[in-house]
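For the sequence shown, numbering that gives the first Met the number 0 gives the first residue as 0, with consecutive numbering after it. Data first, discussion second: the structure below is written as structure tokens.
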Amino acid sequence: MNSDISQDFHKEFTCLICLNYLIDPVTVSCGHSFCLSCLCVSWEKAESTNCPLCREPAQKTNFKTNILLKNLVSIARKGSLQEFLSSAEHMCGLHKEPKQVFCEDDSSLLCMLCSSSQEHEAHRHCTIEEAAEESRVKLSNQMRSLWGNIQEIQRNLNKDVEILYTNEITNHNIRLFDDMRGLRFMGDSLLYASLDPGPSNYYAAWGAQVFTSGKHYWELHVDDSWDWAVGVCKESHLRKNGTLIGSQDTLLLLCVKEDNGYTLWTTAPMTRQFIEKPLGRVGVFLDADRGSLSFVDVAKCSLIEHSCIKPSPL
0 MNSDISQDFH KEFTCLICLN YLIDPVTVSC GHSFCLSCLC VSWEKAESTN CPLCREPAQK
60 TNFKTNILLK NLVSIARKGS LQEFLSSAEH MCGLHKEPKQ VFCEDDSSLL CMLCSSSQEH
120 EAHRHCTIEE AAEESRVKLS NQMRSLWGNI QEIQRNLNKD VEILYTNEIT NHNIRLFDDM
180 RGLRFMGDSL LYASLDPGPS NYYAAWGAQV FTSGKHYWEL HVDDSWDWAV GVCKESHLRK
240 NGTLIGSQDT LLLLCVKEDN GYTLWTTAPM TRQFIEKPLG RVGVFLDADR GSLSFVDVAK
300 CSLIEHSCIK PSPL
């Protein structure tokens, strides 16, 4: 009977992933508990965070140590450890005494007589229970730190573009979608056909990255969109004007809806492009070292416009 009870307790204190005693046990939202390190590894490459046992959806960041379970496991582990160390194969071969001391300098198990011998008397010693608990705490802290780093890296990888929020870029003419990755100009038009400079201001959402050297390429999916703009601006302009579009310091390809048609323009200087509106994707190629910027119709593999630019942070 006692043996059956002991086995039942051992089962409750066992991680169902590694099948060993729980280390820093955490309980997910469904109520099942696992080692923190085992759960981190289990979810690291998983597309969804489900309980490894019942498959119920769980919160990835909802990691809180189950203190009661941790203390119970510690008691059970100490009992198992003493039983393990008192076995014949873990007796000191020289003194026939149980090995109950851990030598920190040699990372070895010693009996009491060996720990006070000339070879080990100057070394640092502690009980086996203390050494085991210290190792478990150190491992747990390392896993928590590593898991936090993994989550931070994953968040950064999932960011397509960081958006600057200076001066509240969600101007009344711009709609910022919930996923923070889609922008659409919502005014009647971006620029008038005459492009006569007037009091109207136009705004854009600029990426956070600054280019000072190297070659860089990115694409914009325009599809059936009418009013859109893509390009670069000088960093000095961004610091001074925020999200305001200025024709001198912004190098853009613009698509402007006019009645039932559209026109394409490039800025700096403002020039109309008498070509068909690109369908699908528009590519932007920046060679910061040579001072050139090119707009490409990806579907047709054709050049829309090539401009020379002065070297400066963009």
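We put the CB at the ideal spot given by N, CA and C, even for glycine. Nothing here was measured: the structure is a model prediction, and the numbers come from that model.
Judging by CA-CA distance, which residue of S224, V283, L109, E43 is the nearest neighbour of L335?
For the chain, the structure presents residues 0 to 313; residue 335 sits outside this window and is missing.
Check your understanding: Quick one: is A45 buried, meaning 16 or more other Cβ sit within 10 Å of its Cβ, or exposed?
Key -> exposed
* Roughly how many whole angstroms lie between the Cα atoms of W227 and V297? -> 16 Å
With a 10 Å radius around its C-beta and 16 neighbouring C-beta atoms as the bar for buried, classify D105 as buried or exposed. Classification of D105: exposed, given that the 10 Å Cβ count is below 16.
Within 10 angstroms of the Cβ of P277, are there 16 or more other Cβ atoms? Answer buried if so, exposed if not.
Counting the other CB atoms within 10 Å of its CB gives P277 a total of 16 or more, which places it among the buried residues.
Next on the checklist: So if DSSP puts T108 in a beta bridge, which residue, or which two residues, is it bridged to?
Outcome noted: Checking the displayed sequence, the identity of residue 108 turns out to be Leu instead of Thr. F101.
Rounded to whole angstroms, what's the CA-CA distance from C232 to C17? Just pull it up for me.
Each residue's alpha carbon lies about 54 Å from the other.
Original post:
Is the beta carbon of L285 sitting closer than 8 Å to the one on F210?
Top reply: yes
**Asked** Going by the CB atoms, is the gap between L108 and H94 shorter than 8 Å?
**Response** no
- Task: Put G279 into one of helix, strand or coil per three-state DSSP.
- Result: coil
Which residue marks the beginning of the alpha helix (DSSP H) containing L35, and which one marks its end?
35-43
Does the Cβ of K276 lie closer than 7 Å to at least one heavy atom of the ligand PLP? For the ligand PLP, the structure offers nothing, since it holds no ligand at all.
Report task. Less than 8 Å between the CB atoms is what I'm expecting for E11 and C29, so what's the real figure, rounded? Result -> In fact, because the Cβ distance is near 16 Å, the residues do not count as touching under 8 Å.
Rounded distance between the beta-carbons of G290 and I308, thought under 8 Å: 5 Å
- CA-CA distance, W146 and S47? Those two C-alpha atoms are separated by around 16 Å.
request  = May I have the straight-line CA-CA distance separating I74 from E132, to the nearest angstrom?
outcome  = Each residue's CA atom was taken as its position, placing I74 and E132 some 11 Å apart.
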